[in-house]
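The sequence shown begins at 214 in my numbering and counts up by one.
Report on the structure given below.
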Amino acid sequence: MRIFALELNNDIKGIGERKKYIESLISILPSPDLVLLPELSICSYIPNQRVWKYADCYSIDTSAWAMKIAAKFNTFVGVGYLDYEKGDYFNRYMIADGKQVYGIVTKSEGEAAVFKRGWFDSIIKTPFGNVAVAICYDARRKHFYENIKDEEISLIVFPHGSPANPKKGPEETAINDYICNLYVDAFGVPVIYINSFGKLEHMPGIMGLMMKLAGFRMNGKTEIYALGGEGILHGIKGVKGHAINLSEKKRKKDIEFFGRDLIKGNFLFRHFILAPDILMGIRRYNKGLKKCTSYKA
């Protein structure tokens with residue numbers, strides 16, 4: 214299977230403009246079988262409530278677009294998008310071909326001020342096997358591992374909208390390598406890390422302020438981690454290609470966690486900055502929903 218991961222420019226805004234941009238990239242891929250896009254690829258990664266204006270409704274528009282693109286280029290497509298359903302906003306990812314959508318995964322631990330959080334499933338059943346999907350931060354959390362550890366998996370996909378300090382590129386790469394290779398070793402299947410590049414939009418809360426002061430931005434670093442197959446030479450900037458035979462496999466190793474986290478991290482940061490930030494974010498989310506409902510009414 215010829216798999217391509219597309220690193221997207223997060224500075225391109227507007228649903229129409231981004232669809233044209235994505236299609237232009239897919240059109241020059243050499244015979245793709247599966248094209249994977251980053252988190253929120255349709256609307257761009259915007260970690261504040263201004264992204265709500267780009268929301269799909271019950272996945273209708275994104276499904277139609279994904280199937281149209283898949284049919285046009287005779288490929289499968291994995292795409293991230295914002296969805297509005299039953300009064301809430303969800304950060305989602307779907308896989309489709311030209312005939313149908315095979316499944317949708319919702320981010321469980323999304324940005325609290327922007328997306329509805331919860332414990333959601335992680336597997337999409339496709340003709341080429343079960344695909345495990347963890348959107349951004351979910352890839353580091355035990356909930357994802359618990360969802361897939363007893364399943365037969367053919368591919369693991371980590372679509373990201375992940376900002377980091379551009380001055381610490383080697384550290385960012387090392388963390389990505391560590392997480393992805395843990396899952397390659399545990400399941401023996403390819404792991405695809407897809408991230409965008411460009412400016413980090415305003416993010417509310419303490420975390421957002423810390424990122425702004427540190428100059429965080431989206432640094433890409435898209436990569437395909439696989440034990441077999443071979444890379445596809447294409448000369449397209451920001452695109453990773455790999456040809457490999459996919460087959461469903463059972464987990465052969467355990468993955469150890471630090472509590473609920475894959476990365477040990479800083480205890481004080483998690484409990485005195487991250488935890489309060491999430492609670493404040495949930496309040497902002499609910500307040501924003503009330504304003505939005507009042508406006509629509």
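The beta-carbon is built from N, C-alpha and C at its ideal position, and this holds for glycine as well.
These figures come from a predicted structure and were not determined experimentally.
By the C-beta criterion, the segment 330-338 is judged not to be in contact with the segment 413-432, since fewer than 3 inter-stretch pairs fall below 8 Å. Looking only at D269, R483, G382, R464, the smallest Cα-Cα distance to R473 is reached by R483.
If you check the CB distance, F357 and S375 do not come in under 7 Å. DSSP places E414 outside both helix and strand once states are collapsed to three, so it counts as coil.
The DSSP-derived three-state label of C349 is helix.
Inter-residue distance for A326 and H455 is about 36 Å (C-alpha atoms, whole angstroms). F303: member of the beta strand (DSSP E) spanning 301-309, first to last residue.
Here M431 is bridged, per DSSP, to P376, G411.
Between the segment 456-466 and the segment 221-234, the count of C-beta pairs closer than 8 Å stays below three; the two stretches do not touch. For H356, the enclosing alpha helix (DSSP H) stretches over residues 355-361.
Under the DSSP assignment, K338 falls in the beta strand (DSSP E) whose first and last residues are 336-339.
Per DSSP, the continuous alpha helix (DSSP H) segment holding E385 begins and ends at 382-400.
If you draw a straight line from the Cα of V452 to the Cα of E252, it is about 15 Å long. The beta-carbon distance between L250 and I407, rounded to whole angstroms, is 7 Å. This is short enough to meet the 8 Å contact definition. A direct Cα-to-Cα measurement between G428 and L413 gives close to 9 Å. Between N343 and I369, the C-beta gap is not smaller than 7 Å, which leaves the two residues out of contact. Pairing N458 with V397, the inter-Cα distance amounts to about 15 Å. Distance between E384 and F410, taken at the CA atoms: about 17 Å. Annotated three-state conformation of K463 is coil, per DSSP. For K281, the three-state secondary structure derived from DSSP is helix. In the displayed model, A456 falls within a strand according to three-state DSSP. Below 8 Å, too few C-beta pairs join the segment 485-498 and the segment 314-321 to call them touching: fewer than three. For G451, there is no enclosing alpha helix (DSSP H), since its DSSP letter is neither H nor E. Taking C-beta atoms under 8 Å as the contact rule, E324 and P260 qualify, at a distance of about 5 Å.
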